[in-house]
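Novice: Handing you a structure now.
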Amino acid sequence: MTFTHLGRTWTLYQRLRAGVATGDWYFKIDNQPRSLQTTDAKLAIRHAKARLDARAAAPDKYRQFLDATAARATLTVGQLAGEWRTAGCPLPNGTRRTARQAADQEAGLRLALRWWANRHPASVTQPVMGEYADWRRGQTTRANCTGDRSIDLELTVLANLCAWALARGRLEANPFATRLRYQNSKAVQHCHTYMPASDEELHRLVGFLFTSDDQRHVVAGAQYLFCALTGQRPGEPGILRRDAAYMDGQPSPGVRFTRTLDGVTLPMLGVAREKGGQNPAVKVHPALAAFLAAWLPWRDTHYGASSWWFPDPRDPERPLADTRDTKRLSLALNWAAAALGLPERHPHGARAFYVRVRRSQEVDDTTIGAELGHNSGPAIVGRVYGKPDAIIGDGRFDWLPAGPDVRIAWERLGQSR
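For the sequence shown, my numbering assigns the number 427 to the last residue and increments by one with no breaks.
In structure tokens form, the structure reads like this:
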């Protein structure tokens, strides 16, 4: 393939493999073969013209350009990832992510780099990403889990990495900018799949945890129940502090206060929100008030020196589960569900259960979305948290068990087996 530029004709070629021309395009400049780092013919011509223009305009700068090109030619995804991690996984414009956001990026890189670390960014194509998807699915060991959601999340993190590298001049293009979506949205199992089936099941699960000899189970049960009563995400209650105070005129997470709306005074609690959530407060409705009246004195008796509402019994100076790690909640919940012969239950299901109760009370999704701290409108409430066959306003759920067969969970606090 030839093209004309700066008064002469230049030839582009691909190297032969098994007698077939394939791979990146090359051309000779200064009697040296130079890779144009693309298999696209039109893009190769643009790259070649850019190099020729740079050489003609400023020979010294062109030499620097060649040095930078040579450095990029040997660059691997793993090397870029190392630079990005050292910088704190920032955004392309250099803005630092929060500690939680950076941790999420790190988590996405961890397994992905086992496959991508030694690969050159220029070698990344849709078929290569497909090869990665096949490999990644083979690493999934959980039953009924395809790994497709993890593939999408990890490729997104790699795209974030390369967007930063592109902005820093380390790459000429982001090879992950265009990628297929591997997760089938119709196959997604949302939070309501793993929530308690009823008020009674909620209290059976938590009551079982409250009677455990392992106080980590007791605290985990309390944090899970708090989420069901408030709609908080699993790790958000881990930020609540007993020594909380007003900061800049606003209640910090853990402050009890009141707010008067339309002449009605409502008890409120300052909370934390993940993911840029809004409305950092929840109403203290009667069921929540009754739970707090039992839980906080128990907590103060056993862990009075700790600052946290839900301390880690093995290290009370730290919360049991915060936004960085909710594994302890999962372990406790899985143990209780298995012991009681219940289906699989997840900590995030407590948030879905809150939605189920509020819908049962005939509260609209816009209001529920505000109570959850969502800033993306009511649609996500129905799509992610709302059970499709739930009847709105049926009055079947109110966070409290009906009848004498199931005791209210917090009445069993301290009754270890």
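Glycine included, C-beta positions come from ideal geometry on N, C-alpha and C.
Measure the C-alpha to C-alpha separation of arginine 422 and leucine 306 and round it to an integer number of angstroms.
Specialist: By 1-based counting over the sequence shown, the position of residue 422 is 412. By 1-based counting over the sequence shown, the position of residue 306 is 296. Rounded to whole angstroms, arginine 422 to leucine 306 spans 14 angstroms at the Cα level.
Novice: Proline 185 and glutamine 131 - do their beta-carbons sit closer together than 7 angstroms?
Specialist: As a working note, residue 131 is residue 121 in the sequence shown. As a working note, residue 185 is residue 175 in the sequence shown. According to the sequence provided, residue 131 is proline. The question's glutamine does not apply to it. Against a cut-off of 7 angstroms, the Cβ pair of proline 185 and proline 131 comes out as a contact.
Novice: State the beta-bridge partners of isoleucine 55 as determined by DSSP.
Specialist: One-based indexing of the sequence shown puts residue 55 at position 45. None; isoleucine 55 has no bridge partner.
Novice: Under 8 angstroms, with one C-beta from each stretch per pair, do the region 211-228 and the region 89-98 reach the 3-pair mark?
Specialist: No: the two stretches stay apart, fewer than three of their Cβ pairs being nearer than 8 angstroms.
Novice: Relative to the alpha-carbon of histidine 15, which residue among Thr48, Thr32, Arg61 and Ala31 has its alpha-carbon at the smallest distance?
Specialist: Residue 15 sits at position 5 when you count from the first residue of the sequence shown. Of Thr48, Thr32, Arg61 and Ala31, the residue nearest in Cα terms is Arg61.
Novice: Select from Leu330, Pro296, Trp420 and Trp125 the residue whose C-alpha is nearest the C-alpha of alanine 149.
Specialist: Residue 149 sits at position 139 when you count from the first residue of the sequence shown. Correcting the residue type first, residue 149 is glutamine in the shown sequence and not alanine. Closest option to glutamine 149, Cα to Cα, is Trp125.
Novice: Going along the chain, which residues of its own chain have a beta-carbon closer than 8 angstroms to the beta-carbon of valine 30, five neighbours each way excluded?
Specialist: The sequence position of residue 30 within the sequence shown is 20, counting from 1. Correct list: empty, nothing qualifies.
Novice: To the nearest angstrom, report how far apart glycine 245 and alanine 207 are at their CA atoms.
Specialist: The count along the sequence shown starts at 1 and reaches residue 245 at position 235. The count along the sequence shown starts at 1 and reaches residue 207 at position 197. Going from the Cα of glycine 245 to the Cα of alanine 207 covers about 22 angstroms.
Novice: In this structure, does DSSP put glycine 280 in helix, strand or coil?
Specialist: By 1-based counting over the sequence shown, the position of residue 280 is 270. It is a strand residue.
Novice: Taking the beta strand (DSSP E) that proline 100 belongs to, which residues open and close that run?
Specialist: As a first step, residue 100 is located in the sequence shown; it is residue number 90 there, counting from the start. Element bounds for proline 100: n/a, residue is neither H nor E.
Novice: If you drop the 5 nearest sequence neighbours on each side, which residues of the same chain put their C-beta closer than 7 angstroms to that of leucine 279?
Specialist: If you number the sequence shown from 1, residue 279 lands on position 269. Cβ within range, chain order: Arg266, Ala291, Val292 and Val294.
Novice: Using the Cβ count rule (16 or more neighbours within 10 Å means buried), how would you classify proline 357?
Specialist: Taking the sequence shown and counting its residues from 1, the one referred to as residue 357 is at position 347. With 16 or more Cβ atoms within 10 Å of its Cβ, proline 357 is classed as buried.
Novice: Tell me, please, which residues DSSP counts as bridged to arginine 18.
Specialist: Taking the sequence shown and counting its residues from 1, the one referred to as residue 18 is at position 8. Answer is His15.
Novice: Mind listing, in chain order, the continuous beta strand (DSSP E) runs of no fewer than 3 residues lying wholly within the region 285-341?
Specialist: Those beta strand (DSSP E) runs which fall completely within the region 285-341 and span 3+ residues are 291-293 and 325-329.
Novice: Going along the chain, which unbroken runs of the alpha helix (DSSP H) with 4 or more residues stay wholly within the region 134-203?
Specialist: You should have 136-148 and 158-177.
Novice: Return the chain-ordered list of same chain residues with a C-beta closer than 8 angstroms to the C-beta of aspartate 335, the five sequence neighbours on each side being excluded.
Specialist: As a first step, residue 335 is located in the sequence shown; it is residue number 325 there, counting from the start. For aspartate 335, where only same-chain residues beyond five positions count, the Cβ hits under 8 angstroms are Gly245.
Novice: Count the other CB atoms, across all protein chains shown, that sit within 10 Å of the CB of threonine 435; report buried if there are 16 or more and exposed otherwise.
Specialist: With the chain covering 11 to 427 only, the question about residue 435 has no answer from this structure.
Novice: Is DSSP giving alanine 31 helix, strand or coil here?
Specialist: By one-based count along the sequence shown, residue 31 stands at place 21. Strand.
Novice: Is valine 216 helix, strand or coil when you go by DSSP?
Specialist: Here residue 216 is taken as the residue at index 206 of the sequence shown, counted from 1. Looking at valine 216 - three-state DSSP - the assignment turns out to be helix.
Novice: Report all residues from its chain with a CB closer than 7 angstroms to the CB of alanine 66; omit the five preceding and five following residues, and keep chain order.
Specialist: Locating residue 66 in the sequence shown gives position 56, counting from the first residue. Here the set comprises Leu16.
Novice: Below 7 angstroms between beta carbons: does that hold for alanine 360 and tyrosine 234?
Specialist: The count along the sequence shown starts at 1 and reaches residue 360 at position 350. The count along the sequence shown starts at 1 and reaches residue 234 at position 224. A contact, by the Cβ cut-off of 7 angstroms.
Novice: If contacts are defined as beta-carbon pairs under 8 angstroms, then aspartate 162 and tyrosine 192 qualify, I think. What distance do you get, rounded to the angstrom?
Specialist: Counted from its first residue, the sequence shown places residue 162 at position 152. Counted from its first residue, the sequence shown places residue 192 at position 182. Yes, aspartate 162 and tyrosine 192 are in contact; Cβ-Cβ is about 5 angstroms, under 8 angstroms.
Novice: Measuring CB to CB, does valine 167 end up less than 7 angstroms from leucine 119?
Specialist: For the purposes of this step, residue 167 is taken as the residue at position 157 of the sequence shown. For the purposes of this step, residue 119 is taken as the residue at position 109 of the sequence shown. Yes. Within cutoff.
Novice: So what does DSSP say about arginine 266, is it helix, strand or coil?
Specialist: In the sequence shown, residue 266 corresponds to position 256, counting from 1. Here arginine 266 sits in strand by DSSP.
Novice: Taking the continuous alpha helix (DSSP H) assigned at serine 222, which residues delimit it?
Specialist: Residue numbering aside, residue 222 sits at position 212 when the sequence shown is read from its first letter. No alpha helix (DSSP H) holds serine 222; DSSP gives it neither H nor E.
Novice: Are the beta-carbon atoms belonging to arginine 251 and serine 317 less than 7 angstroms from one another?
Specialist: Sequence index remark: in the sequence shown, residue 251 carries index 241 (1-based). Sequence index remark: in the sequence shown, residue 317 carries index 307 (1-based). Taking 7 angstroms as the Cβ cut-off, arginine 251 and serine 317 qualify as a contacting pair.
Novice: Please state the DSSP three-state secondary structure of isoleucine 378.
Specialist: By one-based count along the sequence shown, residue 378 stands at place 368. If DSSP states are grouped into helix, strand and coil, isoleucine 378 belongs with the helices.
Novice: Quick check on threonine 240: does DSSP put it in helix, strand or coil?
Specialist: Sequence index remark: in the sequence shown, residue 240 carries index 230 (1-based). Helix at threonine 240.
Novice: Helix, strand or coil for isoleucine 39 per DSSP?
Specialist: One-based indexing of the sequence shown puts residue 39 at position 29. In this structure, isoleucine 39 counts as strand in the three-state DSSP scheme.
Novice: Take leucine 215 and list the residues in its own chain whose beta-carbon comes closer than 6 angstroms to its own, dropping the five residues that flank it on each side.
Specialist: Here residue 215 refers to the residue found at position 205 when the sequence shown is read from its first residue. Only Ala346 meet the Cβ criterion.
Novice: With DSSP as the reference, label proline 247 as helix, strand or coil.
Specialist: Locating residue 247 in the sequence shown gives position 237, counting from the first residue. Looking at proline 247 - three-state DSSP - the assignment turns out to be helix.
Novice: Does the distance from the C-beta atom of leucine 181 to that of cysteine 172 stay below 7 angstroms?
Specialist: Taking the sequence shown and counting its residues from 1, one reaches residue 181 at position 171. Taking the sequence shown and counting its residues from 1, one reaches residue 172 at position 162. Closer than 7 angstroms, so yes.
Novice: Between the beta-carbon of leucine 410 and the beta-carbon of alanine 297, is there less than 7 angstroms?
Specialist: As a working note, residue 410 is residue 400 in the sequence shown. As a working note, residue 297 is residue 287 in the sequence shown. Contact: yes.
Novice: Determine the contact status of alanine 54 and leucine 22, defining contact as a CB-CB distance below 7 angstroms.
Specialist: As a first step, residue 54 is located in the sequence shown; it is residue number 44 there, counting from the start. As a first step, residue 22 is located in the sequence shown; it is residue number 12 there, counting from the start. In this structure, leucine 22 lies closer than 7 angstroms to alanine 54 by Cβ.
Novice: Give the straight-line distance between the Cα atoms of phenylalanine 407 and serine 370, rounded to the nearest whole angstrom.
Specialist: Start at 1 with the first residue of the sequence shown, and residue 407 comes out as number 397. Start at 1 with the first residue of the sequence shown, and residue 370 comes out as number 360. About 6 angstroms.
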